[in-house]
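One structure is given below, encoded as structure tokens.
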């Protein structure tokens with residue numbers, strides 16, 4: 020059975036606004052990648068516990084940066 024009314028197209032649907040990425044989240048995530056990579060490399064290459072701690076700290080910074088990545092109160 021055919022309907023008499025036309026179906027709305029994608030162009031007529033409202034598009035939700037995307038949240039902005041905050042500079043703080045971007046910096047924290049990037050810093051976490053750099054520190055974590057260096058820490059895990061040092062841990063693997065030199066077998067040092069400080070490298071493992073650096074890798075864990077870098078991973079924590081990535082998580083914190085990602086959680087603040089779309090925080091509206093910190094948007095640039």
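Residue numbers (my numbering): 20 to 95.
Here a beta-carbon is modelled for each residue, glycine too, at the ideal position from N, C-alpha and C.
Would you report the Cα separation of residue i and residue j, rounded to the nearest angstrom?
| i | j | result |
| --- | --- | --- |
| residue 48 | residue 36 | 23 angstroms |
| residue 79 | residue 51 | 7 angstroms |
| residue 94 | residue 81 | Since pLDDT at residue 94 reaches only 47, below the 50 mark, its modelled position is unreliable, and the value read off the structure follows with that caveat. Their backbone Cα atoms lie some 18 angstroms apart in a straight line. |
| residue 63 | residue 41 | 33 angstroms |
| residue 68 | residue 55 | 13 angstroms |
| residue 61 | residue 87 | 28 angstroms |
Figure out for me which residue from the options has the closest Cα to the Cα of residue i.
| i | options | result |
| --- | --- | --- |
| residue 77 | 41, 46, 39 | 46 |
| residue 53 | 86, 43, 73 | 73 |
Contact check, residue i vs residue j under 8 angstroms by CB: the rounded distance?
| i | j | result |
| --- | --- | --- |
| residue 71 | residue 44 | Incorrect: roughly 25 angstroms between the Cβ atoms, too far for contact. |
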